[in-house]
Amino acid sequence: MRALVLADRPAPGGPAGAALLRPVAGVPLLLRQMRALAGAGVRRLAVAADGPEAPAIAELAAGEAAALGLTLDRAPGEDGAPVLVVDGPVLFDLDLARLAAAHAAHAAALTVVAQPTLRPRESDLLAERDGRLAAVFPKDRPDPQDQRNLSPAGLWLAGPGALPGRGGEPWRDLCRDVVPALLAAGRPVAVHRTTEYLARVDAAAARAAAERDLAAGRPEALRLAHRRPALLVDVDGVLNHDPGPQGTLAPDDIVMVDGAGAALARARAAGFVIAAITNRAQVARGDVSFEALDRILGRLEALLAADGGYLDHIYVCPHHPGPFPHGGVPELVRACECRKPGTLLFRRAFAELPIDPGRACMVGDSTRDIMAAHAVGIPGYGVMTGHGCRDTGRARDGLDGTPDRMFADIGAAVDVVLAQA
176 MRALVLADRP
186 APGGPAGAAL
196 LRPVAGVPLL
206 LRQMRALAGA
216 GVRRLAVAAD
226 GPEAPAIAEL
236 AAGEAAALGL
246 TLDRAPGEDG
256 APVLVVDGPV
266 LFDLDLARLA
276 AAHAAHAAAL
286 TVVAQPTLRP
296 RESDLLAERD
306 GRLAAVFPKD
316 RPDPQDQRNL
326 SPAGLWLAGP
336 GALPGRGGEP
346 WRDLCRDVVP
356 ALLAAGRPVA
366 VHRTTEYLAR
376 VDAAAARAAA
386 ERDLAAGRPE
396 ALRLAHRRPA
406 LLVDVDGVLN
416 HDPGPQGTLA
426 PDDIVMVDGA
436 GAALARARAA
446 GFVIAAITNR
456 AQVARGDVSF
466 EALDRILGRL
476 EALLAADGGY
486 LDHIYVCPHH
496 PGPFPHGGVP
506 ELVRACECRK
516 PGTLLFRRAF
526 AELPIDPGRA
536 CMVGDSTRDI
546 MAAHAVGIPG
556 YGVMTGHGCR
566 DTGRARDGLD
576 GTPDRMFADI
586 GAAVDVVLAQ
596 A
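The sequence shown runs contiguously to residue 596 in my numbering.
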């Protein structure tokens, strides 16, 4: 695999090239990037730099390339090999083989590495369907409120012909200058979600945070090979108040449970993977489209982020066995394994996220949440918000829906889970 480091794009507080020259924990960021690339198997590297920093960047890169056995190219080349684009001042610890496999599985022209952010309303956001990019919402979009919290993380894998030439005025922004053209041409763009360590370090506060992360060993701790404890949560009734028997039908129906985002932030700081697993019969009924559901969940994620928290992933079941008086959406009105108390989404989370099932738990407000947790062998904790697990006398297929423990709300549940971890 080849790599291209973009040191010539604008960045907050000055050019990206200047940020790449600044030390992070005593080592210039460019050198940290080059060492991470070499450690992941990259052997050929191009660094795109202009402006007054270009000579210093070239000298620094040449010395480090010789030490690492990297070949420096003037351009990434078009030999059929994918090119990893490092978009400016990004500190990362990433499994590039897994990224390459995802890129190949989607036969993608371009694959964007993506993560949630604590500032979704100020960030470029992505709409994703089954691993493919459906749309890009730039950070200066007219309506910043209700898009899903999934943002480009600064790394891209480009196949042959995906990147335009950089002669003359170069492209400065992949989201704005490259992705729309690929989508318009019908070329597939994939989205690679990851829980690995990625951090932009353009500003002094971000560099200080990255230095704390390095001192604490956080990049290594977030490697996918390290299975971590997990907090799985229901949505309506746990993170936000249950809006009634029809469920959440619009973003304005979202009223947060006090402290829900802060509770997720505490779990994340303790090293937990955090995912939501939610039944959305409204989609099967035809009351909510998938696009409308994105806006509902986008509102939820924005409000969580405003409270300091975010979810690594939201797993959604859009099915319902029916029947409905008005018919519903035919392809979604069926029995399935993903609707809780079915366990398919739990099993997907265990397979797709770096979760240690022996250190996972579920927090829900209904019997179906608890039964699903018990079916996969993890504790199921109830909360008094939402349905309050008031139907705990019910069982299904021999599974007991009685919570292992009841709590007032998600915050109280997380505090006890962390105390026991």
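Even glycine gets a Cβ: it sits at the ideal position worked out from N, Cα and C.
His367 places its beta carbon less than 8 angstroms from that of Val288. When DSSP reads this structure, Arg219 sits in a beta bridge with Arg177, Thr246. Put simply, the backbone Cα of Tyr485 is about 10 angstroms away from that of Gln290. If only uninterrupted alpha helix (DSSP H) runs of at least 4 residues are considered, those enclosed by the segment 337 to 407 are 354 to 359, 379 to 391, 393 to 396.
Annotation: Pro426 to Arg455 spans about 14 angstroms, alpha carbon to alpha carbon. Taking the CA atoms as reference points, Val217 sits about 7 angstroms from Ala178. At the C-beta level, Ala437 and Gly483 come within 8 angstroms of one another.
Exclusion of the five residues before and after Phe447 leaves Arg403, Pro404, Ala405, Leu406 as the residues of its chain whose Cβ lies within less than 7 angstroms of its Cβ. In the DSSP assignment, Gly557 falls within the beta strand (DSSP E) that extends over 555 to 558. With a minimum length of 3 residues, the unbroken runs of beta strand (DSSP E) contained wholly in the segment 402 to 446 fall at 403 to 408. Under the three-state reduction of DSSP, Ala289 is assigned to strand. Looking at the backbone, the Cα of Ser298 and that of Leu325 are separated by about 9 angstroms. Looking at Leu196, Ala374, Asp411, the one whose alpha-carbon comes closest to that of Pro230 is Leu196. It is roughly 11 angstroms from the alpha-carbon of Ala211 to the alpha-carbon of Leu204.
For the set Ala213, Arg514, Arg523, Gln595, the Cα lying nearest the Cα of Ala242 is the one of Ala213. Pairing Asp248 with Leu220 gives a Cβ-Cβ distance under 8 angstroms. The beta carbon of Ala526 is closer than 7 angstroms to none in its chain, skipping five residues each way along the sequence.
For Val592, the secondary structure class from DSSP, reduced to helix, strand or coil, is helix.
Met581 is bridged by DSSP to Gly557.
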